[in-house]
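**Q** Please read through the structure below; I'll follow up with questions.
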Amino acid sequence: MLLFLALLLLKIAAFAQEEELPAVLQQSVENEAAATNSTTEDDEQWQQLNDIRRHPISVNHADQATWAALGLLTPVQIDALLKYRQLLGDLLSIYELQAVPGFDQATIRKILPFIQLDDGLKTQYRFTELFTRGQHTLLTRYSRVLELSKGYRHTDSTLPAYSGSPYKLFIRYRYNFSRHASYGVLMKKDAGESLFKGYQRQGFDFYSAHLFLTDIHPAVQFLALGDFVVNMGQGLIQWHSHAAGKGAGAMMVKKEGDILRPYSSSGEYYFFRGAGITLKRKQYQLTVFGSLRKLDGSVSAADTAADELQATAIISSGYHRTATEAAKRGSLQQLSTGAALRYMGRWQFGINGIMHQLQPGLYKPVALYNQFDFRGDKLLNVSLDYAGTLRNTHLFGEVARDLNGRMALLQGLIISVAPSADMTVVYRNYDRAYQSLYSKGFGESYKTMNEQGCYIGISTRIANRWTAESYIDFFRFPWLKYGINNPSDGKDWLLQINYAPSKKSVYSLRAGFKTNGVNILVPENPIKVPATAELLHVRLQALIQYSKQLQFTGRMEYSRFSQENSHQNGLLFYTDAQLKPRKFPLKGNLRLVYFTTGGYQARIYAYEKSVLYENSIGQYYGQGWQYYLNVNWRIRRHLNCWWRWSQVIYPGSTSIGSGWDQINGNKKSQVQMQFIYDF
Numbered sequence: 056m057l058l059f060l061a062l063l064l065l066k067i068a069a070f071a072q073e074e075e076l077p078a079v080l081q082q083s084v085e086n087e088a089a090a091t092n093s094t095t096e097d098d099e100q101w102q103q104l105n106d107i108r109r110h111p112i113s114v115n116h117a118d119q120a121t122w123a124a125l126g127l128l129t130p131v132q133i134d135a136l137l138k139y140r141q142l143l144g145d146l147l148s149i150y151e152l153q154a155v156p157g158f159d160q161a162t163i164r165k166i167l168p169f170i171q172l173d174d175g176l177k178t179q180y181r182f183t184e185l186f187t188r189g190q191h192t193l194l195t196r197y198s199r200v201l202e203l204s205k206g207y208r209h210t211d212s213t214l215p216a217y218s219g220s221p222y223k224l225f226i227r228y229r230y231n232f233s234r235h236a237s238y239g240v241l242m243k244k245d246a247g248e249s250l251f252k253g254y255q256r257q258g259f260d261f262y263s264a265h266l267f268l269t270d271i272h273p274a275v276q277f278l279a280l281g282d283f284v285v286n287m288g289q290g291l292i293q294w295h296s297h298a299a300g301k302g303a304g305a306m307m308v309k310k311e312g313d314i315l316r317p318y319s320s321s322g323e324y325y326f327f328r329g330a331g332i333t334l335k336r337k338q339y340q341l342t343v344f345g346s347l348r349k350l351d352g353s354v355s356a357a358d359t360a361a362d363e364l365q366a367t368a369i370i371s372s373g374y375h376r377t378a379t380e381a382a383k384r385g386s387l388q389q390l391s392t393g394a395a396l397r398y399m400g401r402w403q404f405g406i407n408g409i410m411h412q413l414q415p416g417l418y419k420p421v422a423l424y425n426q427f428d429f430r431g432d433k434l435l436n437v438s439l440d441y442a443g444t445l446r447n448t449h450l451f452g453e454v455a456r457d458l459n460g461r462m463a464l465l466q467g468l469i470i471s472v473a474p475s476a477d478m479t480v481v482y483r484n485y486d487r488a489y490q491s492l493y494s495k496g497f498g499e500s501y502k503t504m505n506e507q508g509c510y511i512g513i514s515t516r517i518a519n520r521w522t523a524e525s526y527i528d529f530f531r532f533p534w535l536k537y538g539i540n541n542p543s544d545g546k547d548w549l550l551q552i553n554y555a556p557s558k559k560s561v562y563s564l565r566a567g568f569k570t571n572g573v574n575i576l577v578p579e580n581p582i583k584v585p586a587t588a589e590l591l592h593v594r595l596q597a598l599i600q601y602s603k604q605l606q607f608t609g610r611m612e613y614s615r616f617s618q619e620n621s622h623q624n625g626l627l628f629y630t631d632a633q634l635k636p637r638k639f640p641l642k643g644n645l646r647l648v649y650f651t652t653g654g655y656q657a658r659i660y661a662y663e664k665s666v667l668y669e670n671s672i673g674q675y676y677g678q679g680w681q682y683y684l685n686v687n688w689r690i691r692r693h694l695n696c697w698w699r700w701s702q703v704i705y706p707g708s709t710s711i712g713s714g715w716d717q718i719n720g721n722k723k724s725q726v727q728m729q730f731i732y733d734f
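Everything in the sequence shown is counted per our numbering, starting at 56 for the first residue and increasing by one.
Following this line, the structure appears as structure tokens:
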């Protein structure tokens with residue numbers, strides 16, 4: 056109660072920002088962090104959504120590809136809307152969307168910021184207008200942890216391990232005109248990296264630039280120069296962008312989007328550098344691309360000849376803070392070429408192929424669990440994919456093959472079983488020796504290999520104010536995995552019930568349970584033996600909007616990890632207040648978190664509001680408190696400023712972190728500032 060009273064006195068906390076990531080995508084980023092223990096730096100979809108806010112989609116004109124690119128509707132919903140327009144003509148009001156099968160009030164509210172009602176006529180632009188009608192954006196972001204970690208400290212006889220200062224700096228300029236044209240450059244320096252000295256005498260540690268044009272000629276649909284991403288099929292052979300997985304909405308299981316997209320994010324690994332083009336003729340699309348870039352890696356002399364080099368690992372972190380990290384910079388060269396031919400009719404079919412050549416070749420040390428991983432200097436993947444709707448059922452899938460003849464298969468369907476219920480089924484079978492470099496196939500493991508499984512998801516509208524989403528996934532790993540000395544299997548289920556008594560409040564209850572195989576040590580046995588681990592999560596969340604100026608969010612989450620005779624319990628509470636003072640140019644939010652867990656295995660993840668376009672995920676384990684304050688100040692019409700202060704406190708601890716990132720003491724404080732100038 057005292058916390059709520061304190062929050063009410065604040066005049067600089069804010070109501071939910073109109074630019075923030077939609078809830079379904081917040082859940083997607085949160086679940087990806089839980090699966091990979093890392094937070095994605097890909098903010099392209101976020102940028103695209105905010106651009107769509109400024110240039111809303113025409114409800115009466117947008118085609119299937121435009122709705123799919125939005126990423127907020129299922130294929131069944133998109134098909135229902137297109138059929139409704141075809142049968143009854145243009146919609147006369149946004150409220151008419153309620154008559155479209157599968158469009159309830161929650162769905163309409165979700166897409167409302169991104170749509171508009173117009174006459175359905177497509178605007179034609181001259182080539183020169185592509186570069187004059189858009190918006191220029193200059194973003195500058197600064198952040199640092201105030202406490203110095205071990206890597207920055209030195210003694211009288213030793214220098215710091217990190218060559219640079221502890222702040223992180225990110226600068227991005229981008230011109231964007233809806234889906235028609237985009238170009239820009241970005242520069243990034245990570246914490247600990249040098250700037251115009253040391254290992255980065257060329258200035259920033261990472262540079263990126265791109266030019267991306269759409270429909271510049273009747274035969275040219277997309278043209279990409281510089282840095283770009285490639286997404287094919289269902290991700291079995293190639294998928295660079297962030298992809299939704301389990302937990303991001305039971306029905307959001309299909310990967311959709313254009314094959315070529317511009318790259319303007321700060322990540323230093325998941326993109327190509329070169330050129331790509333998509334040609335179209337009637338209902339056919341042909342995409343070809345080529346990329347030549349340097350990758351970080353561990354390189355050493357081969358066993359066969361002292362003068363022959365080979366790579367033992369590819370490093371994707373992008374860090375060049377220490378002498379060891381700097382020595383691995385750009386030690387590999389990667390040449391990637393590929394093509395995709397698609398038929399874009401009522402049913403869509405695609406033939407995809409991609410080849411990578413590495414110099415020197417990749418030959419990682421062989422262990423039992425990784426003996427089927429890719430080794431060599433050349434990798435070729437081909438696939439066939441399809442998608443189409445038959446009555447109330449949407450079918451999609453992809454089958455892929457690598458250079459060694461190993462296969463990967465994914466088959467899915469999304470079906471509207473009733474006006475108030477939808478169901479999806481996804482089956483996958485990835486060979487234990489299937490090899491690929493940039494695949495992101497749907498599944499339990501982040502690697503598209505050595506997995507078989509069947510996923511069943513159901514979304515229902517129980518009553519006028521009640522909805523439920525649930526899934527169950529059965530999976531099996533036919534071969535060993537890291538940390539598991541035998542083939543294993545498991546299951547994963549989740550149930551979330553939402554209750555919205557009014558437009559100003561939403562309550563949700565979520566329960567999830569997962570089992571999988573692990574190795575454990577037992578008394579008087581020096582060899583680890585297989586066992587089953589169980590992980591339970593129960594979450595209760597409430598969102599209450601008291602007025603246009605004030606909103607509260609509260610969450611309680613319980614976790615329990617069990618294996619054999621050991622258990623770890625976790626508990627997290629947070630309350631979040633957002634206030635937008637009337638006639639005042641400041642807005643932001645304040646959150647207070649308490650957490651306690653019995654160990655790392657019972658850790659809990661939570662999406663955090665941060666500065667615009669930064670994906671921030673809190674990973675909570677141990678015992679402590681965290682609080683943060685975000686402030687957004689619109690200084691002028693075209694100039695926006697964000698400021699964030701965050702601190703986590705571990706009572707009784709003497710240090711935080713490990714290795715060069717270890718901090719002495721029990722507090723970790725971070726400050727961030729960001730300016731965005733639009734013109």
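Ideal Cβ placement from N, Cα and C applies to all residues, glycine included.
#1: Identify whether F43 lies in helix, strand or coil by the three-state DSSP scheme.
#2: Please classify E323 as buried or exposed, where buried requires at least 16 other C-beta atoms within 10 Å of its C-beta.
#3: So for Y150, helix, strand or coil by DSSP?
#4: So, is V584 buried or exposed, given that buried needs 16 or more other C-beta atoms within 10 angstroms?
#5: In the DSSP output, which residue or residues are listed as bridge partners for V648?
#6: In chain order, what residues of the same chain lie with their CB nearer than 7 angstroms to the CB of A89, ignoring the 5 residues before and after it?
#7: Under a three-way DSSP split, which group does G405 fall into?
#8: Report the three-state DSSP secondary structure of E663 (helix, strand or coil).
#9: Counting only the same chain and skipping the five closest in sequence on each side, list residues whose C-beta sits under 6 angstroms from that of V480.
#10: On a CA-only basis, which of W534, S346, K138, S543 is nearest Q426? Give me that one, please.
#11: Using a Cβ-Cβ cutoff of less than 6 angstroms, which residues in the same chain neighbour T377 once the five nearest sequence positions on both sides are dropped?
#12: Return helix, strand or coil for L185, following the three-state DSSP convention.
#13: Using alpha carbons as the reference points, say which of L450, N574, V354, R594 lies closest to G416.
#14: Kindly indicate which residue of P156, Y262, M306, N436 has the alpha-carbon position closest to the one of G288.
#15: Would you tell me roughly how many angstroms separate the C-alpha atoms of A154 and A299, rounded to the nearest one?
#16: Here's a check: name, in chain order, each residue in its chain whose Cβ is nearer than 7 angstroms to the Cβ of N571, leaving out the five neighbours to either side.
#17: Residues in the same chain with beta-carbon distance under 7 angstroms from Y501, minus the five sequence neighbours each way, listed in chain order, please.
#18: The beta strand (DSSP E) spanning N695 covers which residue range?
#19: Roughly how many whole angstroms lie between the Cα atoms of D432 and S391?
#20: Which class does G175 belong to by DSSP, given the choice of helix, strand or coil?
#21: Check whether the stretch 231 to 243 and the stretch 307 to 322 touch, using three or more Cβ-Cβ pairs below 8 angstroms as the test.
#22: Take A363 and list the residues in its own chain whose beta-carbon comes closer than 6 angstroms to its own, dropping the five residues that flank it on each side.
#23: What is the rounded straight-line gap between the Cα of Q403 and the Cα of S525?
#24: Let me know the secondary structure DSSP gives V593 once reduced to three states.
#25: Excluding five sequence neighbours on each side, which residues of the same chain lie with their C-beta closer than 8 angstroms to the C-beta of S148?
#26: Helix, strand or coil: which one does DSSP assign to P317?
#27: State the beta-bridge partners of D547 as determined by DSSP.
#28: Any chance the CB of L694 is under 7 angstroms from a heavy atom of the ligand PLP?
#29: Assuming F326 and H295 make a contact with CB atoms under 8 angstroms, what is their CB distance in whole Å?
#30: Touching or not, the stretch 693 to 709 and the stretch 623 to 634, by the rule of three or more beta carbon pairs under 8 angstroms?
#31: If we ignore side chains and look at the alpha-carbon of each, how far apart do Q132 and G157 end up?
#32: Residues in the same chain with beta-carbon distance under 6 angstroms from S671, minus the five sequence neighbours each way, listed in chain order, please.
#33: As an exercise, report each continuous beta strand (DSSP E) stretch of at least 3 residues that is fully enclosed by the stretch 327 to 358, in chain order.
#34: May I have the straight-line CA-CA distance separating V275 from Y398, to the nearest angstrom?
#35: CB A264 to CB G290, shorter than 8 angstroms?
#36: What would DSSP say about E612, mapped onto helix, strand or coil?
**A** Quick look at the numbers:
#1: As shown, the chain starts at 56 and ends at 734. That puts residue 43 outside it, with no answer to give.
#2: Position 268 of the sequence shown holds residue 323. That one is buried.
#3: Here residue 150 refers to the residue found at position 95 when the sequence shown is read from its first residue. Helix, per DSSP.
#4: Here the question's residue 584 lines up with position 529 in the sequence shown. Looking at its Cβ environment, which holds fewer than 16 other Cβ atoms inside 10 Å, V584 is exposed.
#5: For the purposes of this step, residue 648 is taken as the residue at position 593 of the sequence shown. The partner list for V648 (beta bridge, DSSP) reads Y629, Q681.
#6: Within the sequence shown, the letter at position 34 stands for residue 89. Same-chain partners within the cutoff: Y660.
#7: Locating residue 405 in the sequence shown gives position 350, where the first residue counts as 1. G405 falls in the strand class under three-state DSSP.
#8: Against the sequence shown, residue 663 aligns to sequence position 608. Strand, per DSSP.
#9: What you label residue 480 is simply residue 425 of the sequence shown in a count that begins at 1. Leaving aside the five residues that flank V480 on each side, the residues in its chain whose CB is nearer than 6 angstroms to its CB run, in chain order, L468, I511.
#10: Within the sequence shown, residue 426 is the residue found at index 371, counting from 1. Selection W534, S346, K138, S543 evaluated against Q426 yields W534 as nearest (Cα-Cα).
#11: The residue given as residue 377 occupies position 322 in the sequence shown. Only A216 meet the Cβ criterion.
#12: If you number the sequence shown from 1, residue 185 lands on position 130. Correct three-state label for L185: helix.
#13: Numbered from its first residue, the sequence shown carries residue 416 at position 361. For G416, the nearest C-alpha among the options comes from V354.
#14: Counting from 1 along the sequence shown, the entry for residue 288 is found at position 233. Checked all of P156, Y262, M306, N436; the closest Cα to G288 is N436.
#15: Taking the sequence shown and counting its residues from 1, one reaches residue 154 at position 99. Taking the sequence shown and counting its residues from 1, one reaches residue 299 at position 244. Spanning the two alpha carbons is a distance of roughly 28 angstroms.
#16: Taking the sequence shown and counting its residues from 1, the one referred to as residue 571 is at position 516. The beta carbon of N571 lies closer than 7 angstroms to those of S543, G545, A588 in the same chain, with the five residues before and after it left out.
#17: Taking the first residue of the sequence shown as position 1, residue 501 is located at position 446. Cβ neighbours of Y501 beyond the five flanking positions: A90, T91.
#18: Here residue 695 refers to the residue found at position 640 of the sequence shown. Per DSSP, the continuous beta strand (DSSP E) segment holding N695 begins and ends at 694 to 704.
#19: As a working mapping, residue 432 is identified with position 377 in the sequence shown. As a working mapping, residue 391 is identified with position 336 in the sequence shown. Between the alpha carbons of D432 and S391 lies a distance of about 12 angstroms.
#20: Sequence index remark: in the sequence shown, residue 175 carries index 120 (1-based). Summary for G175: the model assigns pLDDT 49, below 50, so the residue's position carries little reliability, and this model does not support an answer.
#21: In short, these stretches touch, since the Cβ pair count reaches three.
#22: As a first step, residue 363 is located in the sequence shown; it is residue number 308 there, counting from the start. The identity of residue 363 in the sequence shown is Glu, whereas the question assumes Ala. Excluding residues within five positions, the ones whose Cβ falls inside 6 angstroms are A357.
#23: For the purposes of this step, residue 403 is identified with residue 348 of the sequence shown, where counting begins at 1. For the purposes of this step, residue 525 is identified with residue 470 of the sequence shown, where counting begins at 1. Roughly 29 angstroms between the two C-alpha positions.
#24: Here residue 593 corresponds to residue number 538 of the sequence shown, with the count starting at 1. In the three-state reduction of the DSSP assignment, V593 falls in the strand class.
#25: One-based indexing of the sequence shown puts residue 148 at position 93. L172, listed in sequence order.
#26: Locating residue 317 in the sequence shown gives position 262, where the first residue counts as 1. Looking at P317 - three-state DSSP - the assignment turns out to be strand.
#27: By 1-based counting over the sequence shown, the position of residue 547 is 492. Listed as beta-bridge partners of D547 by DSSP are D528, K569.
#28: By its list of ligands, the structure shown contains no ligand whatsoever, and the ligand PLP lies outside what it can speak to.
#29: Here residue 326 refers to the residue found at position 271 when the sequence shown is read from its first residue. Here residue 295 refers to the residue found at position 240 when the sequence shown is read from its first residue. Sure, about 6 angstroms apart at Cβ, within 8 angstroms.
#30: Taking 8 angstroms as the limit for Cβ pairs, the verdict is that the stretch 623 to 634 does not touch the stretch 693 to 709.
#31: For the purposes of this step, residue 132 is taken as the residue at position 77 of the sequence shown. For the purposes of this step, residue 157 is taken as the residue at position 102 of the sequence shown. Rounded to the nearest angstrom, the two C-alpha atoms are 6 angstroms apart.
#32: On the sequence shown, position 616 is the one that residue 671 refers to. Exclusion of the five residues before and after S671 leaves E663, S665 as the residues of its chain whose Cβ lies within less than 6 angstroms of its Cβ.
#33: Along the length of the stretch 327 to 358, whole beta strand (DSSP E) runs at least 3 residues long occupy 327 to 336, 339 to 356, reported in chain order.
#34: To locate residue 275, count along the sequence shown from 1; it is residue 220. To locate residue 398, count along the sequence shown from 1; it is residue 343. Rounded to the nearest angstrom, the gap between the Cα atoms of V275 and Y398 is 16 angstroms.
#35: Mapped onto the sequence shown, residue 264 falls at position 209. Mapped onto the sequence shown, residue 290 falls at position 235. For the 8 angstroms CB-CB criterion, A264 and G290 do not form a contact.
#36: For the purposes of this step, residue 612 is taken as the residue at position 557 of the sequence shown. In this structure, E612 counts as strand in the three-state DSSP scheme.
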